[in-house]
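Please read the structure below before turning to the comments.
In my numbering, the protein residues as written are 3 to 148.
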C-alpha cells in the first residue's frame with residue numbers, strides 16, 4: 003500500500019504540513035510583506051513626486067505660453083501704434099510739402115510721396131522684426147531664469 007494513503011501516517015503528515023505552513027506564514031508576515039510594503043510605498047512616493055513635478059511643469063509651460071502670447075500681442079499693438087503715428091507724421095509732412103511744391107513741380111511731389119511710402123514700409127518691417135526679437139528675448143528670459 004502507498005504511504006500517502008496509509009492512515010497511520012496522516013497525523014505526522016498533517017503535523018509537518020502545519021509546521022511548514024506556519025513557518026512560511028511567519029516568514030512572509032515578518033520578512034517579505036514589510037519589505038514589499040516599503041518598496042511599494044517608496045514607488046508610490048516617487049510617482050507622486052514625479053506627477054507633481056509634471057503638473058508644475060505643465061503649469062509653468064502654460065504660464066510661459068500665456069506670457070509669450072501677451073508679449074507678442076502687446077508688441078504687435080505697440081508696433082501698429084508706432085506705424086500709425088509714423089504714417090500720420092509722414093503724411094502730414096507730405097501734405098505740407100505738397101502744398102508748397104504743387105505749384106512748382108508735380109513730378110517732384112510724386113517722387114517724394116513714393117520715397118516716403120517706401121520708408122514707411124521699411125519702418126513697418128523693422129517694427130515687426132523688433133516685436134519678434136522682443137518676444138523671443140522675453141521667451142528666452144523666462145526659461146533661462148528657471
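Don't be surprised by glycine CBs; every beta carbon is placed ideally from N, CA and C.
Do residue i and residue j have their CB atoms nearer than 7 Å?
| i | j | result |
| --- | --- | --- |
| residue 125 | residue 86 | no |
| residue 56 | residue 141 | no |
| residue 100 | residue 113 | no |
| residue 133 | residue 59 | no |
Reducing DSSP to helix, strand and coil, say where residue i ends up.
| i | result |
| --- | --- |
| residue 107 | coil |
| residue 6 | coil |
For residue i and residue j, I'd like the C-alpha separation in whole angstroms.
| i | j | result |
| --- | --- | --- |
| residue 62 | residue 53 | 14 Å |
| residue 92 | residue 144 | 37 Å |
| residue 119 | residue 109 | 16 Å |
| residue 103 | residue 84 | 28 Å |
| residue 74 | residue 137 | 6 Å |
| residue 80 | residue 72 | 12 Å |
| residue 123 | residue 48 | 57 Å |
| residue 21 | residue 39 | 26 Å |
| residue 33 | residue 64 | 47 Å |
| residue 11 | residue 19 | 12 Å |
| residue 17 | residue 41 | 35 Å |
| residue 50 | residue 76 | 38 Å |
Cutting at 6 Å between CB atoms, please list the residues of its own chain near residue i, excluding the five before and the five after it.
| i | result |
| --- | --- |
| residue 44 | none |
| residue 66 | 144 |
Among the residues of its own chain, which have a CB less than 8 Å from the CB of residue i, if the five just before and after it don't count?
| i | result |
| --- | --- |
| residue 115 | 96, 100 |
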